[in-house]
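In our numbering, the protein residues as written are 10 to 353.
All remarks here apply to the structure that follows.
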């Protein structure tokens, strides 16, 4: 009897140990536990290949390196885990760890971010990213992001957007008349495209290729490397260097998730973000822009130079109207950006 009891007790203890190891207790493992690496899910809309994907892989290496293997990034491109709205919800809830987006996308949480939608706000992407990384500007932007549940770890230059279309060459602003151009889902961006004479069509980036094939849109605005990565040059053969939008992209993590990391892992993640921003802005992106232009030219895309002052004049009423109706937060950020950009 004693042997049977001992054997039964041993079996129960073994099963309990197995269940505990497998999470059978019903408790959720700590997000910053000591057993194994912590997963950092990176959910983005851009594709699995191309410059931005190369950047994601570089970021993954830096995160693992800076954390000495305690943090491991998992890359989920092409909206695999959901669109931007779903990703933002996941970050706020702490069920998603990291993403990257245009600064304008954060206007869904505070209208001040709509300032980044204004046309011809910057001379180029370098000026834009240096301005937002200036200590005074960065403090304002990062504080607001954290209020909304996001911790910014890097700022990236994504260049200036120009017009790509499949209908005809755009040599003057009048050549845009009637062209249906996809734009990001932001009212100011759409207003700007409309002001230039085109028809702004808000649409998710994942829908662009099919929309071009079906004729739902005639073109879009974006940067050379992103155009190359998404193969839009296969359908559009005219690229006009209007460079009307220059919108830097923040890379950020869930604040609730970040706050639950150990101080050591928080420091490692911030260090990785800083190193990534330097690598991206000074090495990866400049090389990618040059390569993107080369890819388009090799695939028969006509590159067109234009008088940007004429395009800027057409879009100035959008800026004027925006500022006339701007909230205090929008006005304050606009004035800060304009004053700070003079340094760069």
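Beta carbons: idealized from backbone N, C-alpha and C, even for Gly.
Practice item. Decide if residue 50 is buried, meaning its Cβ has at least 16 other Cβ atoms within 10 Å, or exposed. Key: Within the chain shown, the letter at position 41 stands for residue 50. Residue 50 comes out buried.
Check your understanding: For residue 230, which residues does DSSP report across the bridge?
Key -> Reading the chain shown from its first residue, position 221 is the one you call residue 230. Residue 230 pairs with 172.
Practice item. Assess, as a yes-or-no matter, whether the region 240-247 is touched by the region 108-116 under the definition of 3 or more beta carbon pairs within less than 8 Å. Key: Touching, no.
Practice item. Assuming residue 76 and residue 274 form a contact by the criterion Cβ under 8 Å, report the distance between their Cβ atoms to the nearest whole angstrom. Key: The residue you call residue 76 lines up with position 67 of the chain shown. The residue you call residue 274 lines up with position 265 of the chain shown. Right, their Cβ atoms sit about 6 Å apart.
Point to revise | Three CB pairs or more closer than 8 Å across the region 115-131 and the region 251-259 | key: Yes: at least three Cβ pairs fall under 8 Å.
Practice item. Return the residue from the list 211, 246 and 123 that minimises the CA-CA distance to residue 306. Key: Counting from one through the chain shown, the residue named residue 306 turns up at place 297. Per the C-alpha coordinates, the member of 211, 246 and 123 positioned closest to residue 306 is 246.
Exercise for review: Please look up how many angstroms separate the CB atoms of residue 133 and residue 169, rounded, as I've assumed it's under 8 Å.
Suggested key: Within the chain shown, residue 133 is the residue found at index 124, counting from 1. Within the chain shown, residue 169 is the residue found at index 160, counting from 1. The distance from the Cβ of residue 133 to that of residue 169 is about 6 Å, consistent with a contact at the 8 Å cut-off.
Exercise for review: Identify which residue in 258, 101 and 173 has its Cα closest to the Cα of residue 282.
Suggested key: Taking the chain shown and counting its residues from 1, one reaches residue 282 at position 273. When only C-alpha atoms are compared, the closest one is 258.
Review point. Is the Cβ of residue 66 closer than 9 Å to any Cβ of chain B?
Key: Of the protein chains in this structure there is only one, and it is not chain B.
Review point. Among the residues of its own chain, which have a CB less than 6 Å from the CB of residue 119, if the five just before and after it don't count?
Key: As a position in the chain shown, residue 119 is number 110, starting the count at 1. The answer, listed in chain order, is 153.
Point to revise | Nearest-angstrom Cα separation, counted from residue 163 out to residue 352 | key: Taking the first residue of the chain shown as 1, we reach residue 352 at position 343. Taking the first residue of the chain shown as 1, we reach residue 163 at position 154. Roughly 20 Å between the two C-alpha positions.
Exercise for review: Please specify which runs of the alpha helix (DSSP H), each continuous and at least 4 residues long, are wholly inside the region 52-122, giving them in chain order.
Suggested key: Assignment of alpha helix (DSSP H) within the region 52-122, counting only whole runs of 4 or more residues, yields 60-75 and 93-102 in chain order.
Check your understanding: Under the three-state reduction of DSSP, which class applies to residue 279: helix, strand or coil?
Key -> Here residue 279 corresponds to residue number 270 of the chain shown, with the count starting at 1. Residue state for residue 279 is assigned as helix, using DSSP reduced to three classes.
Point to revise | Residue burial classification, residue 264 (beta-carbon count within 10 angstroms, cutoff 16) | key: Here residue 264 is taken as the residue at index 255 of the chain shown, counted from 1. Residue 264 comes out buried.
Check your understanding: With a CB to CB cut of under 8 Å and the five nearest residues on each side skipped, what residues in its chain are close to residue 99?
Key -> Counting from 1 along the chain shown, the entry for residue 99 is found at position 90. Hits under 8 Å: 52, 90, 91, 105 and 263.
Review point. According to the neighbour-count rule (16 or more other Cβ atoms, all chains shown, within 10 Å of its Cβ), is residue 327 buried or exposed?
Key: Counting from 1 along the chain shown, the entry for residue 327 is found at position 318. Under this definition residue 327 is a buried residue.
Practice item. Tell me whether residue 271 is buried or exposed, calling it buried when 16 or more other Cβ atoms sit within 10 Å of its Cβ. Key: If you number the chain shown from 1, residue 271 lands on position 262. The residue is exposed, with fewer than 16 neighbouring Cβ atoms inside 10 Å.
Check your understanding: With a CB to CB cut of under 6 Å and the five nearest residues on each side skipped, what residues in its chain are close to residue 142?
Key -> Stepping through the chain shown from its first residue, residue 142 is reached at position 133. So the list reads 164, once near-sequence residues are dropped.
Review point. Can you list the beta strand (DSSP E) stretches of 3 or more residues lying completely in the region 176-218, in chain order?
Key: Restricting attention to beta strand (DSSP E) runs no shorter than 3 residues, the region 176-218 encloses them at 189-192 and 208-211, ordered along the chain.
Exercise for review: Report, in whole angstroms, the separation of the C-beta atoms of residue 189 and residue 217, which I expect to be a contact under 8 Å.
Suggested key: Taking the first residue of the chain shown as position 1, residue 189 is located at position 180. Taking the first residue of the chain shown as position 1, residue 217 is located at position 208. Residue 189 to residue 217, Cβ: 12 Å. No contact.
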